[in-house]
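Asker:
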Amino acid sequence: MPGMTLDLARDLPAALADRAAAWRLIADIAAFWGTPLLPGGGWSDAQLDAAEARLGLKLPAALREAHRLLGNRPELTSNQDTLLPPERLYVDQDCLVYRVENQSCAYWGIPLAALDQEDPPTVVWPDVAPSVQLEITPWTASFSAECLGIVLAEPLLDDGAHVEGGEVDPADLTGWTELPRVHAEAVDTRYFARPDALLVLQGGAWLAVRAVDEEALDAICEELPEVGG
Numbered sequence: 000m001p002g003m004t005l006d007l008a009r010d011l012p013a014a015l016a017d018r019a020a021a022w023r024l025i026a027d028i029a030a031f032w033g034t035p036l037l038p039g040g041g042w043s044d045a046q047l048d049a050a051e052a053r054l055g056l057k058l059p060a061a062l063r064e065a066h067r068l069l070g071n072r073p074e075l076t077s078n079q080d081t082l083l084p085p086e087r088l089y090v091d092q093d094c095l096v097y098r099v100e101n102q103s104c105a106y107w108g109i110p111l112a113a114l115d116q117e118d119p120p121t122v123v124w125p126d127v128a129p130s131v132q133l134e135i136t137p138w139t140a141s142f143s144a145e146c147l148g149i150v151l152a153e154p155l156l157d158d159g160a161h162v163e164g165g166e167v168d169p170a171d172l173t174g175w176t177e178l179p180r181v182h183a184e185a186v187d188t189r190y191f192a193r194p195d196a197l198l199v200l201q202g203g204a205w206l207a208v209r210a211v212d213e214e215a216l217d218a219i220c221e222e223l224p225e226v227g228g
């Protein structure tokens, strides 16, 4: 069982405003789940430099810091969607693509015009037929906020942990604290926490939840019958 407490309602606002605080909170989240950040869990400067040389562009500071910190920790970043390693970063739609949906149905990127910012905003777009007009929409205000969103959600999809999925009416989430918004207003993703669990709600009803142990997960499933059913 994780051996520390986590106060996301207290710490997330500062982390969304300052990327150094974001990296500290990401480390706390990883430790809370019993998977602490360790040396060797990220990519080296040499690997990131090689990506810059291959792409012919400079990677933003926040992206480099994130990849050095946890770029090679798929259990924290890539249980469902994939955070691309440096050698797989590529350019499409005038964006640097850094993340791909698990069935290549959506792509996340940083606009090339924003690469000169240390912590640039991110955008998302769907995979559509050539005959369909592509719409690129805002995702997060900064890359560090995107990393927070990834580490809040992806560990909840780790099949080797105490996780469940289902649908729920948000009104039934009594006893949970809704966390500050991580994504752009148009993104229908909400996070909820309690001392022994974390929950992400998408599309107004579908959720993934992870608890610190089996007992806590069983209690959640009893409280929310739609979960795990």
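Note that numbering that gives the first Met the number 0 has the sequence shown beginning at 0, numbered continuously upward. Even glycine gets a Cβ: it sits at the ideal position worked out from N, Cα and C.
Whole angstroms are fine: how far does the CA of residue 190 sit from the CA of residue 0?
Answerer: Indexing the sequence shown from 1 puts residue 0 at position 1. Indexing the sequence shown from 1 puts residue 190 at position 191. Residue confidence for residue 0 is low, a pLDDT of 42 falling below 50, so the modelled location carries little weight; the figure read from the coordinates is stated next. Approximately 22 Å, taken between the alpha carbons.
Asker: Report the three-state DSSP secondary structure of residue 116 (helix, strand or coil).
Answerer: Reading the sequence shown from its first residue, position 117 is the one you call residue 116. In the structure shown, residue 116 sits in coil (DSSP, three-state: anything other than H, G, I, E or B).
Asker: Leaving aside the five residues before and after residue 140 along the sequence, list all residues of the same chain whose C-beta is less than 6 Å from its C-beta, in chain order.
Answerer: The sequence position of residue 140 within the sequence shown is 141, counting from 1. Result list for residue 140: 120, in chain order.
Asker: Suppose contacts are defined by Cβ-Cβ distances below 9 Å. Is residue 137 in contact with residue 204 by that definition?
Answerer: On the sequence shown, position 138 is the one that residue 137 refers to. On the sequence shown, position 205 is the one that residue 204 refers to. It is not a contact, given that the beta carbons lie outside the stated cut-off.
Asker: Once the 5 residues before and after residue 215 are set aside, which same chain residues still bring their CB inside 8 Å of it?
Answerer: If you number the sequence shown from 1, residue 215 lands on position 216. Cβ within range, chain order: 161, 195, 196.
Asker: Per DSSP, residue 125 forms a beta bridge with which residues?
Answerer: For the purposes of this step, residue 125 is identified with residue 126 of the sequence shown, where counting begins at 1. Beta-bridge pairing links residue 125 to 105.
Asker: Give me the Cβ distance between residue 67 and residue 42, rounded to the nearest whole Å; I'm assuming they're in contact under 8 Å.
Answerer: Here the question's residue 67 lines up with position 68 in the sequence shown. Here the question's residue 42 lines up with position 43 in the sequence shown. Correct: roughly 6 Å between the Cβ atoms.
Asker: Taking its Cβ as the centre, do 16 or more other Cβ atoms sit within 10 Å of residue 171, making it buried, or is it exposed?
Answerer: As a first step, residue 171 is located in the sequence shown; it is residue number 172 there, counting from the start. Exposed is the call here.
Asker: Please return the same chain residues whose Cβ sits closer than 8 Å to the Cβ of residue 44, not counting the five positions on each side in sequence.
Answerer: In the sequence shown, the residue the question calls residue 44 occupies position 45. Hits under 8 Å: 63, 67.
Asker: Less than 9 Å between the beta carbons of residue 131 and residue 106, yes or no?
Answerer: Mapped onto the sequence shown, residue 131 falls at position 132. Mapped onto the sequence shown, residue 106 falls at position 107. Cβ atoms of residue 131 and residue 106: not closer than 9 Å.
Asker: Is DSSP giving residue 80 helix, strand or coil here?
Answerer: The count along the sequence shown starts at 1 and reaches residue 80 at position 81. Coil.
Asker: Rounded to whole angstroms, how far is the Cβ of residue 99 from the Cβ of residue 114, which I believe are closer than 8 Å?
Answerer: Reading the sequence shown from its first residue, position 100 is the one you call residue 99. Reading the sequence shown from its first residue, position 115 is the one you call residue 114. No, residue 99 and residue 114 are not in contact; Cβ-Cβ is about 19 Å, not under 8 Å.
Asker: Which residue marks the beginning of the alpha helix (DSSP H) containing residue 12, and which one marks its end?
Answerer: In the sequence shown, residue 12 corresponds to position 13, counting from 1. Here the alpha helix (DSSP H) through residue 12 covers 7 to 16.
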